[in-house]
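Participant: Going by the numbering used here, the sequence shown opens with residue 19, and the numbers climb by one from there.
This is the structure I want to talk about, given as structure tokens.
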Amino acid sequence: MEIEHSSLAVMSALKDALDFLGEDSRRVVHYHMAERHGIRAGDRVSLPEVEAALASLLGPAAGIITVLVRKKLVGSSGSNSSSSATA
């Protein structure tokens, strides 16, 4: 069974995962997620919604970001209660 993570945790993990691309690339991904998929920082969004948007934007390369996002979420869910279902 998959844990539901809070929107804040998902977006924070996404930001952290995209950091390895560099700030400019991260901004481009965030821009296109907002314009094409309506996903903006502060929105209530689920992990599957973010993964679908990434897949649409990045194709197979989205898998790299998805793995990093999931690793961040697994790491954060063990250290605090932000993984409660609020999405």
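For each residue, glycine too, the CB sits at the ideal point set by N, CA and C.
Reducing DSSP to helix, strand and coil, say where V46 ends up.
Facilitator: To locate residue 46, count along the sequence shown from 1; it is residue 28. Reduced to three states, the DSSP call for V46 is helix.
Participant: Among residues of its own chain, excluding the 5 on either side of L32, which ones have a beta-carbon nearer than 7 Å to its beta-carbon?
Facilitator: As a position in the sequence shown, residue 32 is number 14, starting the count at 1. Closer than 7 Å at Cβ, skipping near neighbours: V68 and V87.
Participant: Just curious, the alpha helix (DSSP H) that S37 is in, first and last residue?
Facilitator: Here residue 37 refers to the residue found at position 19 when the sequence shown is read from its first residue. As written in the sequence, residue 37 is Asp, which differs from the Ser given in the question. Run containing D37: none; DSSP gives neither H nor E here.
Participant: Alpha helix (DSSP H) containing V68: first to last residue?
Facilitator: One-based indexing of the sequence shown puts residue 68 at position 50. Counting along the chain, the alpha helix (DSSP H) containing V68 begins and ends at L65 to L76.
Participant: If M51 and L76 are in contact, beta carbons under 8 Å, what's the gap, nearest whole angstrom?
Facilitator: The sequence position of residue 51 within the sequence shown is 33, counting from 1. The sequence position of residue 76 within the sequence shown is 58, counting from 1. Rounded, the Cβ-Cβ distance is 10 Å, inconsistent with contact.
Participant: Measure from the alpha carbon of A27 to the alpha carbon of each residue in Y49, D42, G60 and G40, then state which is nearest.
Facilitator: Within the sequence shown, the letter at position 9 stands for residue 27. When only C-alpha atoms are compared, the closest one is G60.
Participant: Assuming A71 and H55 form a contact by the criterion Cβ under 8 Å, report the distance between their Cβ atoms to the nearest whole angstrom.
Facilitator: As a position in the sequence shown, residue 71 is number 53, starting the count at 1. As a position in the sequence shown, residue 55 is number 37, starting the count at 1. About 4 Å separates the two Cβ atoms, so the contact holds.
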